[in-house]
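Heads up: the structure comes next, in structure tokens.
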Amino acid sequence: MPHHPISIALDRSSPVPLYFQVAQELERRIMAGELPAGTRLENELVLAERLGLSRPTLRQAIEYLVDRGMVVRKRGVGTQVVRPRVRRPVELSSLYDDLARVGEEPRTRVLRLTVEVPPAPVAAQMDLAPDTEVYVLERLRLARGEPLALMRNHVPLGLVDLDEEKLSEQGLYRLLRAAGVTLKIASQSIGARNATAAEADALDEPPGAPLLTMDRVVYDDTGCVVEVGAHVYRASRYAFELTLTG
Numbered sequence: 110m111p112h113h114p115i116s117i118a119l120d121r122s123s124p125v126p127l128y129f130q131v132a133q134e135l136e137r138r139i140m141a142g143e144l145p146a147g148t149r150l151e152n153e154l155v156l157a158e159r160l161g162l163s164r165p166t167l168r169q170a171i172e173y174l175v176d177r178g179m180v181v182r183k184r185g186v187g188t189q190v191v192r193p194r195v196r197r198p199v200e201l202s203s204l205y206d207d208l209a210r211v212g213e214e215p216r217t218r219v220l221r222l223t224v225e226v227p228p229a230p231v232a233a234q235m236d237l238a239p240d241t242e243v244y245v246l247e248r249l250r251l252a253r254g255e256p257l258a259l260m261r262n263h264v265p266l267g268l269v270d271l272d273e274e275k276l277s278e279q280g281l282y283r284l285l286r287a288a289g290v291t292l293k294i295a296s297q298s299i300g301a302r303n304a305t306a307a308e309a310d311a312l313d314e315p316p317g318a319p320l321l322t323m324d325r326v327v328y329d330d331t332g333c334v335v336e337v338g339a340h341v342y343r344a345s346r347y348a349f350e351l352t353l354t355g
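Take the position in the sequence shown, starting the count at 1, then add 109; the result is the number in our numbering.
See the structure below:
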């Protein structure tokens, strides 16, 4: 199939990042069948020049579509549209809501809630200017009275008003949604490591016990980061369940 020349009207005055405008429009066209499976996109340099974008900006848009399973990069072929997945609308869920849904009686103990400048790697993930302050919250999540997870989150100021009482009674995502934030997509990595002495004590585990880790960056519908989370879970009490399609 020949390369498909693409033209997209971009709103350069919009607060929505240009890469996200491109990615969402291409996603819309793929889902609508305007760019059917097998369609090859133009070379990134050519397409970036056509749209008046820098190559890194266009690459970011294409990476978004790769992550969504909309396009693939093939050696010798270039970027090609693939058949969209059959997708159910799945919400970004919080651990609190997941536990409540299955009757695990979640409770939250707020260990720390401050406003401070985040570490440099977190600030970079949140695309913040140096010395920008954010909410930093650390919580212990319990299920049926037993410790289950330690959660550390960074949230930009101005999105939602957080206090210990609210965070003790509700999940963070529920508070964000109630404040009008639309959680759109997350980038997440799952791993494992041994507990530190402090983590083991908080989670009622022996020192060095295995923990599952989950690091997540959550974006809203304008492509802005609304939360960076780093959670650890007791491997003896928790498992991640993933559905994979071939």
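Beta carbons: idealized from backbone N, C-alpha and C, even for Gly.
Since we're looking at a predicted model, the values are computed, not measured.
- prompt: In the DSSP assignment, what residue or residues form a beta bridge with V334?
  reply: Y328
Nearest-angstrom Cα separation, counted from G185 out to Y282: 43 Å
query: Does DSSP classify P165 as helix, strand or coil?
result: helix
field: DSSP-derived helix/strand/coil call for P230
entry: helix
Residues near V195 in its chain [Cβ-Cβ closer than 7 Å; skip 5 each side]: Low local confidence applies: a pLDDT of 40 at V195 is under 50, so the model's placement there is unreliable, and no value is given.
query: Roughly how many angstroms lie between the CA atoms of A339 and T322, to the nearest whole one?
result: 7 Å
query: If you follow the alpha helix (DSSP H) that Y282 is part of, which residue opens it and which one closes it?
result: L281 to A287
- prompt: Given K293, which residues of its chain have a CB within under 7 Å of its CB, disregarding the five upstream and five downstream residues?
  reply: The answer, listed in chain order, is Y328, D329 and D330.
- prompt: Do L320 and A306 have their C-beta atoms closer together than 8 Å?
  reply: no
- prompt: Are the beta-carbon atoms belonging to I115 and E151 less than 8 Å from one another?
  reply: yes
- prompt: Apart from the five residues just before and just after I117, which ones in its own chain have a Cβ nearer than 7 Å to its Cβ?
  reply: The beta carbon of I117 lies closer than 7 Å to those of V131, E134 and L160 in the same chain, with the five residues before and after it left out.
task: Compute the beta-carbon to beta-carbon distance between M235 and V337, rounded to the nearest angstrom, for a pair I have assumed lies under 8 Å.
output: V337 and M235 do touch by the CB rule: their CB atoms are close to 6 Å apart, below 8 Å.
message: At the level of alpha carbons, what is the spacing between P228 and S298?
response: 19 Å
- prompt: Any beta-carbon of chain B closer than 8 Å to the one on N303?
  reply: You won't find chain B in this structure, because it holds only one protein chain.
task: For the segment 214 to 226 and the segment 172 to 187, state whether three or more C-beta atom pairs, one from each stretch, are separated by less than 8 Å.
output: no
Whole-Å CB distance - V190 paired with I139, under 8 Å assumed: 6 Å
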